[in-house]
Amino acid sequence: MLTKVNGKWTEAAISHFMTQLIDYAGLFPPASLPLSEAISNYHTYMNGSDSWMLGPFVIPATRLIELEPYKSHFTEQFPLRLSIILNPAELEQDLEAINLFLKTYKTAGTVKAIEIPLTPYVELSILEKIENRTERFPVYFEVTGTNDQIQYSIDAIHRLNKKSLKSIGIKMRMGGMAKQLFPSAKQAAFVIYECQKRDLALKFTAGLHHPIRQYRNEVDTTMHGFVNVFTAALLAYCHSIDAKTIEEILLDEDPTHFSFTTNTLSWGNLTVSSSEINDARSFFATSYGSCSFDEPREELGELTIFYGEEIQ
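According to the working numbering, the sequence shown is numbered sequentially starting from 156.
In structure tokens, the structure reads:
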């Protein structure tokens with residue numbers, strides 16, 4: 156299990172890379188756990204040695220009312236951190252559900268992010284309404300469709316950010332239960348590149364169970380690797396690499412091309428320092444949602460890309 160590199164995490168590049176990287180989405184496919192089991196898992200992860208890698212618990216706003224019985228599991232010191240998915244067509248009801256959750260949990264619960272799926276070519280007026288009603292929280296709009304449709308959404312969000320003091324981010328889906336839900340490396344590179352150009356924070360969801368890009372029989376397609384995706388995003392943020400180079404990183408299936416030392420992460424001849432990773436994670440490549448917290452970190456720990464040796 157991934158817990159340390161040579162007995163030390165403090166200020167190491169891998170530490171900044173993995174800190175609060177994985178938002179726990181156990182309610183969603185393919186895990187699709189009952190809420191009681193997913194919350195129990197999250198509570199266990201919060202109290203485990205790898206808790207620092209754990210981001211918020213992902214939940215639809217419509218299910219917030221179901222969290223009431225679990226309030227005693229959490230405290231002001233160890234609150235239930237949520238990333239809440241809103242339905243733009245049910246915005247007022249979903250916001251009421253959030254207010255009720257915060258009133259019920261008080262200091263034992265906190266909202267770390269709001270995630271909202273968008274339809275292609277959404278009107279700016281709709282985005283403005285959502286932005287005004289969610290001003291208390293960090294917001295990520297999930298963009299989908301063709302590159303032209305995604306470009307339209309990214310441009311609209313960029314214009315909205317320029318008009319307000321809020322910095323709305325982008326959420327990109329990297330897979331799902333069927334192979335057609337996996338974006339091509341070219342499209343993923345396009346989104347990373349366009350978001351970096353516009354200073355839009357970026358998070359990902361789905362399809363990133365494995366560290367390195369690989370073919371998987373269960374979905375009959377090649378799945379993106381979270382090390383590929385975040386290495387590409389970090390290098391884009393720190394070095395302004397072009398979309399073709401981003402795509403090359405996303406397509407790379409050789410784990411030996413990625414390497415961590417105490418203070419650096421490298422791919423090929425491109426390197427970012429530990430402090431640069433920290434900055435990029437804070438302001439650009441924020442996290443990704445996964446229905447498993449164990450699988451990504453355990454598979455990462457099996458790779459020999461850390462100081463040239465396997466993590467023990």
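For glycine and all other residues, C-beta sits at the position ideal for the given N, C-alpha and C.
Computed from a prediction, not measured in an experiment: that's the story for all the values here.
Residue range 440 to 445 is occupied by the beta strand (DSSP E) that includes residue 442.
If you ignore the 5 residues before and after residue 229, its C-beta comes within less than 8 Å of the C-beta of 198, 235, 260, 263 and 264, all in its own chain and listed in chain order. In the structure shown, residue 321 adopts coil according to DSSP, grouped into three states. Taking the Cβ atoms as the reference, residue 341 lies roughly 20 Å from residue 375, outside the contact range of under 8 Å. With respect to the 8 Å criterion, residue 227 and residue 267 are not classified as neighbours on the basis of their beta carbons.
Assignment of residue 272 by DSSP, reduced to helix, strand and coil, places it in the strand class. If you check the CB distance, residue 219 and residue 179 do not come in under 8 Å. Per DSSP, residue 367 is not a residue of any beta strand (DSSP E), being assigned neither H nor E. Residue 351 sits buried, since 16 or more C-beta atoms from the chains shown fall within 10 Å of its C-beta. Pairwise C-beta distances place the segment 383 to 400 in contact with the segment 422 to 431, as three or more of them are shorter than 8 Å.
Look at residue 314 here: in three-state DSSP terms it is helix.
By the C-beta criterion, the segment 315 to 328 is judged to be in contact with the segment 345 to 359, since at least 3 inter-stretch pairs fall below 8 Å. When DSSP states are grouped into helix, strand and coil, residue 237 belongs to the strand group. Here the C-alpha atom of residue 393 lies approximately 17 Å from the C-alpha atom of residue 414. Each residue's CA atom was taken as its position, placing residue 216 and residue 205 some 27 Å apart. Comparing alpha-carbon positions, the option among 213, 280, 327 and 331 lying closest to residue 377 turns out to be 331.
Rounded to whole angstroms, the separation of the alpha carbons of residue 311 and residue 426 is 32 Å. No Cβ-Cβ contact shorter than 8 Å links residue 182 with residue 176.
Distances from the alpha-carbon of residue 398 to those of 405, 348 and 245 put 348 closest.
Assigned with DSSP and collapsed to three states, residue 419 falls in strand. Counting C-beta pairs closer than 8 Å gives three or more between the segment 293 to 307 and the segment 323 to 330, which meets the contact rule. Remark: three or more beta-carbon pairs, one from each stretch, lie closer than 8 Å, so the segment 362 to 374 and the segment 445 to 461 are flagged as touching.
CA-CA distance, residue 256 to residue 193, rounds to 18 Å.
Excluding its 5 nearest sequence neighbours in each direction, residue 450 has C-beta neighbours in its own chain below 6 Å: 364, listed in chain order. By the Cβ neighbour-count rule, residue 337 is buried, with 16 or more other Cβ atoms within 10 Å of its own. When DSSP states are grouped into helix, strand and coil, residue 215 belongs to the strand group.
For the beta strand (DSSP E) assignment, the uninterrupted runs of no fewer than 3 residues enclosed by the segment 243 to 296 are, from N- to C-terminal side, 264 to 272. Here residue 323 is near residue 286, since their CB atoms are less than 8 Å apart.
Within the same chain, Cβ atoms closer than 6 Å to the Cβ of residue 196 are found at 181, the five residues on either side in sequence being excluded. Closest in C-alpha terms to residue 345, from the list 371, 304 and 370, comes 304.
For residue 446 and residue 395, the gap between their C-alpha atoms comes out near 31 Å. If you draw a 10 Å sphere on the C-beta of residue 231, you find fewer than 16 other C-beta atoms in it, and that means exposed. Out of 416, 440, 269 and 212, the CA that lies nearest to the CA of residue 288 is found in 269.
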